[in-house]
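Trainee: Dropping a structure here in structure tokens format, bear with me for questions.
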Amino acid sequence: MKQVLEGSMAIADGVRMAEPHVISAYPITPQTHIVEHLSQMVADGDLKSEFIMVESEHSAASTVLGASACGVRTYTATASQGLLYMEEVVYNIAGMRLPVVMTVANRAVSAPINIWNDMQDAMAIRDTGAIMLVAENNQEAYDMHIQAFKIAENQDVMLPVIVNVDGFVLTHTFEVVETIDDIEKVRQYLPPLNMEYKLDVENPYSFGTLGEPSVYMESRYNLYNAMNFSRNVIIDAAREFKDMFGRFYGGLTDSYKMDDAQTVIVAMGSVLGTIKDAVDELRESGKKIGVLKVRSFRPFPEDEIVSALKNVKNVIVLEKAICPGKGGILSVEIRDSLFKHKINSVSVNGYTLGLGGRDITPKNIYDLVIRAEKEENVDGEFVGLSQQYL
Amino acid sequence: MDFKVGIIAMPGAALSNKTGSFANEVPVFKHKTCTGCNLCIYFCPEGVVYGDKKTKIYDFDSDYCKGCGICAEECPVDDIEMVLVEK
Amino acid sequence: MLTKEETHNELFTMGHTGCSGCAQSMSVKLIMEILGKNTIATSATGCLEVFSTRWPESSWKIPWIHSLFENSAAVASGVEAALKAMGKKEGITVLAQGGDGGTADIGLQALSGMFERNHDVLYICYDNGAYMNTGYQRSGLTPFDAYTTTSPSGKESFGNQRPKKYMPEIAMAHRIPYTAVASAGYPMDLQKKVKKAKSIMGAKYLQVDVPCVPGWKYEPKYSVKLAQLAVQTGLYPLFEAEYDKIISVKKISRKVPVEEYLKLQGRFKHLFKDEAGRAEIEKIQKIADENIERFGLI
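First to last, the sequence lines map onto chains S, U and C.
With the first letter of the first sequence counted as 1, position 311 gets the number 310 in numbering that gives the first Met the number 0; the numbers rise by one all the way through.
With the first letter of the second sequence counted as 1, position 43 gets the number 42 in numbering that gives the first Met the number 0; the numbers rise by one all the way through.
With the first letter of the third sequence counted as 1, position 40 gets the number 39 in numbering that gives the first Met the number 0; the numbers rise by one all the way through.
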């Protein structure tokens, strides 16, 4: 059924279709509408879940950790400071190989305090061992949440999955979203969670034991391997979703007008909409330009990126995050991927835009396309600063 | 052991760890004045003391006893004595 | 009658690496005898977690999980919610455990949340009065004038300068159905309180005084004696409360001067050097006397 839905409602409805047993959260802008919608669904009897409104994000993540260890499907959502506060628990959930799904309504990190969108929060937790997907629009956010449970619960993955959605830009805007009417079809796509090891009085295992030097590295290696393996699982989950529900947004990456492109813009999340519009304009004026969307940030789609970019001249990476003391993050990883494959003919230019909710305009993109033709391997340079505040 | 799901231990697997090697002293149950109060069982931090209230015969598991001496200290009738372990 | 074979069936088994004379392992053993096999337990980071689950070993014969230092109560909230969601809560006790630091310092927020939401969870704090697992640093439950490695005694100090935080009263302030204080020195009293807690729906708090051989610096054989002296001096009042009302106290059978308790422990030996130390012992006696008065221990 096609409906005009707020992004948060689309996400909540996607989560409802996955029928999690336990949901736990703590409010933080711009995640609030998601958990408000979910609590209303529980209050109305439309979702049979234990909904626990806890006293902090740390406890939200800890509560779903405990519930997940009992073998039930779990969900939480947060943003920004909340995600940073949860971080040690996210590491722990991943280390214990628990298939928790969570939404991050991406938001800037304090100080200065700022409630608007960028991706610095997500970048701060990129090494936790959680799979990190990024949705481009409300429809993809809806679909991606259903896929996320399938990926997390795969027996050879068993890792938390974080679905990143741009705060406000997606969570608070209304778009047409096609929702799934038949929950039986979702149940077919997403069978009940079946955990081999769980907290169960009939089979009383000990979880979270002390891993001494003789075993800790192997434990991390297995997590690392599972993360690598999840690449196939993410692609399969997207394909199977397409077969059953008709919608597809790429597996780990997606291409837009890439066939003969000499210049390619790489980005994640909602900014891809603006980029695609700008690229359409540039194409009309004869520019050979395309877009590469990164849909899975962790695991990193190295092979897909290399094969998409190896024959182009210029790559422009639009990043809503910065690594102080270095520069770009996504751009550095792309440059490293090409270097590893001995491709040195491509100039990878990383630009920092849109921090703390600063608009990214089509004009920004036109300017960068011209700049990038003259520049080489820019490393996270800030774009569009107001000179008066410097 | 399956590592795929993080490191998980089997129930009670610690029994394979014979902590008796910790002990410098071990108890001797003299069986002279024992009243069968069971305090030695209650107070053993390891749970290695066993016996029978009725027969008033008690003993301990030397595979695990760490030799803390609480049983001897707390015995209300001084019927337990700690002796050095010959190593 | 208890046979050697039966001792191996304890739900908290021997073979752990706790110190010789550890009052915490003694208490856990006694507690598990009452709670039984239909129990799911969480543990905060700390001695108990480290000495009972060195992979691949585990002393637990019940489902058990350790996550982090400060989230034992939150993890237990999730366990309880999952059991409810599966319709399997009936007949299963959810036990959350932590040391004094994991409970009253870093874990206080998660614990307060669990209390306030009134999850059907029994939270047990094993109070040994400092961060013993990391090497005897002070916590919010370290007693007045105790030496720890971060509240050392010296020319300018008699050790920990603040009185012990009264954690059970913080629990009671949440109006949870049951709060109790017990001691490793009184195993029947401890087991009676665990039994009662097990029978009550909702959030329960039990704090157990567990002397620590290396942290308090005494001979291992004195663990029980010290736990009993803490009670008999009035320094560790044992009581039960329902909601905000105290319903029973363990009366002191023979009042003992605090000196008897302090002198057996290396963490108080700096108080026995001179006149100034004697004055400090008087202050500790005052704390005990105030407890006796306030809780009606005599």
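C-beta: ideal position from N, C-alpha, C; glycine also.
Here the structure is a predicted model, which means the values were calculated and not measured.
Interface residues of chain C around U/Asp60 at Cβ under 9 Å?
Mentor: Counting from 1 along the second sequence, the entry for residue 60 of chain U is found at position 61. The contacting residues are Lys3, Thr6, His7, Met13.
Trainee: Closer than 8 Å between beta carbons: that is the criterion. Which residues of the region 41 to 59 of chain U meet it against chain C?
Mentor: Tyr41, Phe42, Cys43, Pro44, Glu45, Gly46, Val47, Val48, Tyr49, Gly50, Asp51, Lys52, Lys53, Asp58
Trainee: Measuring only the C-alpha atoms, how far is C/Ser19 from U/Asp60?
Mentor: Numbered from 1 along the third sequence, position 20 holds the residue referred to as residue 19 of chain C. Numbered from 1 along the second sequence, position 61 holds the residue referred to as residue 60 of chain U. Distance between the alpha carbons of C/Ser19 and U/Asp60: 15 Å.
Trainee: Kindly list, in the order they appear in chain C, the residues whose Cβ is closer than 8 Å to that of S/Ile51.
Mentor: Numbered from 1 along the first sequence, position 52 holds the residue referred to as residue 51 of chain S. Ordered by position in chain C, the residues that pass the 8 Å Cβ test against S/Ile51 are Ser76, Gly77, Ala80, Arg116.
Trainee: Assess contact between the region 184 to 199 of chain C and the region 28 to 37 of chain C, defined as three or more Cβ pairs (one per stretch) separated by less than 8 Å. Is contact present?
Mentor: yes
Trainee: Hey, is S/Tyr204's beta-carbon within less than 7 Å of any beta-carbon in chain U?
Mentor: For the purposes of this step, residue 204 of chain S is taken as the residue at position 205 of the first sequence. Cβ-Cβ to chain U under 7 Å: yes for S/Tyr204.
Trainee: As an exercise, report each continuous alpha helix (DSSP H) stretch of at least 4 residues that is fully enclosed by the region 227 to 275 of chain C, in chain order.
Mentor: 257 to 261
Trainee: Using three-state DSSP, classify U/Val87 as helix, strand or coil.
Mentor: Because chain U in this structure spans residues 0 to 86, residue 87 of chain U falls outside the shown range and cannot be described.
Trainee: Could you list the residues in the region 9 to 28 of chain U with a C-beta less than 8 Å from some C-beta on chain C, going in chain order?
Mentor: Met9, Pro10, Gly11, Ala12, Ala13, Leu14, Ser15, Asn16, Lys17, Thr18, Phe21, Ala22
Trainee: Identify the contact partners of U/Ile7 in chain S, using a Cβ-Cβ distance below 8 Å as the criterion.
Mentor: Here residue 7 of chain U refers to the residue found at position 8 when the second sequence is read from its first residue. Those within 8 Å of U/Ile7 in chain S are Tyr196, Tyr204, Ser205, Phe206, Thr208.
Trainee: Taking Cβ positions only, does S/Val214 come closer than 7 Å to chain C?
Mentor: Counting from 1 along the first sequence, the entry for residue 214 of chain S is found at position 215. Interface residue, yes.
Trainee: When the cut-off is 7 Å and only beta carbons count, does C/Thr38 lie next to chain U?
Mentor: Here the question's residue 38 of chain C lines up with position 39 in the third sequence. No, because no Cβ of chain U sits closer than 7 Å to the Cβ of C/Thr38.
Trainee: On the DSSP letters alone, give me the boundaries of the beta strand (DSSP E) that C/Ile123 sits inside.
Mentor: Position 124 of the third sequence, counting from 1, holds the residue named residue 123 of chain C. Note, C/Ile123: beta strand (DSSP E), 120 to 126.
Trainee: With DSSP as the reference, label C/Lys194 as helix, strand or coil.
Mentor: Within the third sequence, the letter at position 195 stands for residue 194 of chain C. Helix.
Trainee: Taking 6 Å as the cut-off, is the C-beta of S/His144 nearer than that to any heavy atom in the ligand ATP?
Mentor: Here there are no bound small molecules, and the ligand ATP is not part of this structure.
Trainee: Can the beta-carbon of S/Asp320 be found closer than 7 Å to that of S/Met85?
Mentor: Start at 1 with the first residue of the first sequence, and residue 320 of chain S comes out as number 321. Start at 1 with the first residue of the first sequence, and residue 85 of chain S comes out as number 86. It should be noted that the sequence gives Ala, not Asp, for residue 320 of chain S. No; because the gap between Cβ atoms is not below 7 Å, this pair is not in contact.
Trainee: For S/Val100 and C/Ser51, I'd like the C-alpha separation in whole angstroms.
Mentor: For the purposes of this step, residue 100 of chain S is taken as residue 101 along the first sequence, with counting starting at 1. For the purposes of this step, residue 51 of chain C is taken as residue 52 along the third sequence, with counting starting at 1. Computed Cα separation, rounded: 31 Å.
Trainee: Using the three-state DSSP reduction, which class does S/Glu201 fall into: helix, strand or coil?
Mentor: Counted from its first residue, the first sequence places residue 201 of chain S at position 202. In this structure, S/Glu201 counts as coil in the three-state DSSP scheme.
Trainee: Just verifying my parser: in three-state terms, what is the DSSP assignment at C/Phe68?
Mentor: By one-based count along the third sequence, residue 68 of chain C stands at place 69. Residue state, collapsed to three classes: coil.
Trainee: Can you give me the Cβ contacts of C/Leu10 inside the same chain, cut-off strictly under 8 Å, excluding the 5 residues immediately before and after it?
Mentor: Walking along the third sequence from the start, residue 10 of chain C turns up at place 11. Excluding sequence neighbours, C/Leu10 sits near Met31, Glu32, Leu34, Gly35, Lys36, Thr38, Trp59, Lys60, Ile61.
Trainee: Of all the CB atoms in chain D, is at least one closer than 7 Å to the CB of U/Ile69?
Mentor: In summary, chain D is missing from the structure at hand, where the protein chains are S, U and C.
Trainee: With DSSP run on the structure shown, which of helix, strand or coil describes C/Trp215?
Mentor: To locate residue 215 of chain C, count along the third sequence from 1; it is residue 216. Helix at C/Trp215.
Trainee: According to the neighbour-count rule (16 or more other Cβ atoms, all chains shown, within 10 Å of its Cβ), is C/Leu47 buried or exposed?
Mentor: Reading the third sequence from its first residue, position 48 is the one you call residue 47 of chain C. Its Cβ being crowded by 16 or more others within 10 Å, C/Leu47 is buried.
Trainee: Measure from the alpha carbon of C/Lys268 to the alpha carbon of each residue in C/Lys220, C/Gly158, C/Pro55, C/Lys197, then state which is nearest.
Mentor: Along the third sequence, read from residue 1 onward, the residue named residue 268 of chain C stands at position 269. Comparing Cα-Cα distances from C/Lys268 to each of C/Lys220, C/Gly158, C/Pro55, C/Lys197, the minimum goes to C/Gly158.
Trainee: Which ranges does the beta strand (DSSP E) cover as unbroken runs of at least 3 residues, wholly within the region 144 to 204 of chain C, from first to last along the chain?
Mentor: 177 to 182
Trainee: Short of 7 Å Cβ to Cβ, which residues in the region 14 to 31 of chain C face chain S?
Mentor: none
Trainee: Which residue marks the beginning of the beta strand (DSSP E) containing S/Leu169, and which one marks its end?
Mentor: On the first sequence, position 170 is the one that residue 169 of chain S refers to. No beta strand (DSSP E) holds S/Leu169; DSSP gives it neither H nor E.
Trainee: Check this for me: beta carbons of C/Gly14 and U/Asn16, under 7 Å apart or not?
Mentor: To locate residue 14 of chain C, count along the third sequence from 1; it is residue 15. To locate residue 16 of chain U, count along the second sequence from 1; it is residue 17. In this structure, U/Asn16 lies closer than 7 Å to C/Gly14 by Cβ.
Trainee: Please confirm if S/Leu64 has its CB atom under 7 Å from at least one CB of chain C.
Mentor: Within the first sequence, residue 64 of chain S is the residue found at index 65, counting from 1. Proximity of S/Leu64 to chain C, defined by a Cβ-Cβ separation below 7 Å, is satisfied.
Trainee: CA-CA distance, S/Ser61 and C/Gln206?
Mentor: For the purposes of this step, residue 61 of chain S is identified with residue 62 of the first sequence, where counting begins at 1. For the purposes of this step, residue 206 of chain C is identified with residue 207 of the third sequence, where counting begins at 1. Roughly 23 Å separates the two Cα atoms.
Trainee: Roughly how many angstroms lie between the CA atoms of S/Leu271 and C/Ala40, to the nearest whole one?
Mentor: Within the first sequence, residue 271 of chain S is the residue found at index 272, counting from 1. Within the third sequence, residue 40 of chain C is the residue found at index 41, counting from 1. Answer to the nearest angstrom: the Cα atoms are 47 Å apart.
Trainee: Could you tell me which residues DSSP puts in a beta bridge with S/Ile315?
Mentor: Reading the first sequence from its first residue, position 316 is the one you call residue 315 of chain S. According to DSSP, S/Ile315 bridges with S/Ile264, S/Asn348.
Trainee: Can you name the residues that DSSP bridges to S/Val160?
Mentor: Residue 160 of chain S sits at position 161 when you count from the first residue of the first sequence. S/Val160 is bridged to S/Val100, S/Ile130.
Trainee: How is C/Glu279 classed by DSSP in three states: helix, strand or coil?
Mentor: Position 280 of the third sequence, counted from the first residue, corresponds to residue 279 of chain C. In the structure shown, C/Glu279 sits in a helix (DSSP, three-state: H, G or I).
Trainee: Taking only the alpha-carbon atoms, compute the straight-line gap between S/Asp279 and S/Lys287 and give it to the nearest angstrom.
Mentor: Taking the first residue of the first sequence as position 1, residue 279 of chain S is located at position 280. Taking the first residue of the first sequence as position 1, residue 287 of chain S is located at position 288. Computed Cα separation, rounded: 10 Å.
Trainee: Give the range of the alpha helix (DSSP H) segment to which S/Gln39 is assigned.
Mentor: As a first step, residue 39 of chain S must be located in the first sequence, where it is residue number 40. Counting along the chain, the alpha helix (DSSP H) containing S/Gln39 begins and ends at 31 to 42.
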